[in-house]
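Numbering (the working numbering), first residue to last: 1148 to 1725.
Note that CB positions come from ideal geometry on N, CA and C, so glycine has one too.
Below, the structure written as structure tokens:
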């Protein structure tokens, strides 16, 4: 019987539901900080500053009383403003230079005489009709300093990459609970600190640290919630973490519309998840991690708490779980795969033969393409025309149904059969957008939403699909390496968006090519729906060759029966299993 979104929420018992929703609520702050720069680092219209008081302003054939009145007429970076100062001097103000006219008899827009060109030594004048202040206007990140503004998002994504590696390892060593505490507090403190940075370099450094803790939380939160929910709800649980991330994007759009000063905007975004900071210290450590560290008394305490919350009179005992663990260890040691279980594995094992190597390259490409497309569609949404706040809100909102479709497709059609059409569809949508006239704003926005939807489906299911494609001995390594390719895609995405200045459709062309190539290569991947997880590289290779599922008995993962017992504990006692 299929498993739906409704069944997912019904399967979360009182304790698991509280832990789950408290944990994924903070994932919203990750979505907030990941996309905050779309409004915080926006570059408004600007021209060079003036060396005196203005008496007259001329823009084409329009005479205005002040420069601020000309911004509504500004249409291109090639425009310039002519001003006459109180001392009679006439200046032409461009974006990155200014010219002083030698002849000042008449105030006209067109001038063929001699001019002296000067740099913008008096700063810049910015259009503040939309944004009262951004980091660009705060530190004049324009002209020869424009590249500094373009580094804001890539350096943040670099922090995301590093944070995922560091905190994922720390969570395995020190526990999930401590990392969740630290990264949650870090998101709040660093988020507030960003608003009070005194220059560009301190701003980038603090945001880099914010990116590390935000990424660290998101990585550990996936592990944390899946270790508390049952096997049947695990896919939906991980997908709904993505959904809360999307809600964070919608919050960015709403806050950007309400607050137009960057540091106030940053403060409000940072305090959006303050309720979680106040209660996250109550979240317990997962029994899985406690058992793996042989902290049996602590594990029993958590199990007892779960039993009281779920109104279970006879909670399971750790001694029973330890008995199952010992049985697992015996079966591993006496199994046929003893040497493969104890051997140290590295990244080269993902290329041990042609079939596995081809699979690895394809999976890495899908991870990279999913992340690249996800952030290209998100970051580009504010440049589509129309209302940029509504555009970003819709780009976030379209993710909510896409994860439901992804889960249904995975269960009904299979992982590969869902992934292929949505990758190819996203490529076709990228091509379609190129043929839509630029003045059809509504149609362009709808097409971009469709592109974000299709790439979101592919991006959402690749997590689970990767884990099922590889054997137990290198499964974590495969998912970890895929995640690294995902982070690489997120670092490249801002640079890809900047290619709009070369050709407006260049980002879409690159995403479309990558998505089409990924979709074609995915055809060669095996389907994993309904097949048992493999334990050795030989079994994983055979899964790719044969349409039948791999045969042969494989040793269970570390503590497999014990962990299954914990998951079954909640389901059996509540009695919702059919």
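- Taking the Cα of residue 1195 as reference, the smallest distance to any Cα among 1537, 1264 and 1235 is reached at 1264.
- Separation of residue 1518 and residue 1635 (C-alpha to C-alpha, rounded to the nearest whole angstrom) is 8 angstroms.
- The straight-line gap separating the alpha-carbon atoms of residue 1275 and residue 1220 is approximately 14 angstroms.
- Beta-bridge annotation (DSSP): residue 1272 is paired with 1194.
- Within the model, the alpha-carbon separation for residue 1619 versus residue 1613 is close to 12 angstroms.
- Membership of residue 1599 in any beta strand (DSSP E) is not indicated; the residue belongs instead to the alpha helix (DSSP H) covering 1588-1616.
- Each residue's CA atom was taken as its position, placing residue 1497 and residue 1615 some 14 angstroms apart.
- Only exposed fits residue 1292, as fewer than 16 other CB atoms lie within 10 angstroms of its CB.
- Classified as exposed, residue 1345 has fewer than 16 neighbouring CB atoms from the shown chains inside 10 Å of its CB.
- Take residue 1360, set aside five residues on each side of it, and the residues of its chain with a beta-carbon closer than 7 angstroms to its own are 1310, 1330, 1333, 1334 and 1337, in chain order.
- Distance check between residue 1231 and each of 1240, 1224, 1223 and 1628 places 1240 closest, using alpha-carbon atoms only.
- Here residue 1272 is buried: its Cβ has 16 or more other Cβ atoms, across all protein chains shown, within 10 Å.
- Look at the beta carbons and you see the stretch 1594-1613 touching the stretch 1566-1576: at least three pairs across the two are nearer than 8 angstroms.
- Only residues of its own chain outside the window of five on either side were considered, and among them 1256 have a CB closer than 6 angstroms to the CB of residue 1207, listed in chain order.
- Between residue 1357 and residue 1341 a beta carbon distance of about 6 angstroms is seen, short of the 8 angstroms cut, so the two are scored as contacting.
- Counting only the Cα atoms, residue 1175 lies some 31 angstroms from residue 1287.
- Inside the stretch 1519-1563, DSSP marks whole alpha helix (DSSP H) runs of 4 or more residues at positions 1535-1544 and 1546-1559, from first to last along the chain.
- The three-state secondary structure of residue 1209, taken from DSSP, is strand.
- Under the 10 Å beta carbon count, residue 1315 is surrounded by 16 or more other beta carbons and is classified as buried.
- Counting other Cβ atoms within 10 Å of its Cβ, residue 1650 stays below 16 and is therefore classed as exposed.
- In the three-state scheme derived from DSSP, where H, G and I count as helix and E and B as strand, residue 1667 is classed as helix.
- Residue 1231: member of the beta strand (DSSP E) spanning 1228-1232, first to last residue.
- The Cβ neighbour count for residue 1659, taken over all protein chains shown within 10 Å, is at least 16; the residue is labelled buried.
- Taking residue 1654 as the centre and dropping the five residues before and after it, the same chain places the C-beta of 1523, 1527, 1643, 1644, 1646 and 1647 closer than 7 angstroms to its C-beta, in chain order.
- Beyond the five residues adjoining it in sequence on each side, residue 1173 comes within less than 6 angstroms, by CB distance, of 1331, 1420 and 1423 in the same chain, given in chain order.
- The beta carbon of residue 1638 sits closer than 6 angstroms to the beta carbons of 1301, 1304 and 1305 from its chain, once the five residues preceding and following it are set aside; these are given in chain order.
- For residue 1434, the number of other beta carbons within 10 angstroms of its own is at least 16, and it is reported as buried.
- Judged by DSSP secondary structure, residue 1265 falls outside any alpha helix (DSSP H) and instead within the beta strand (DSSP E) spanning 1262-1265.
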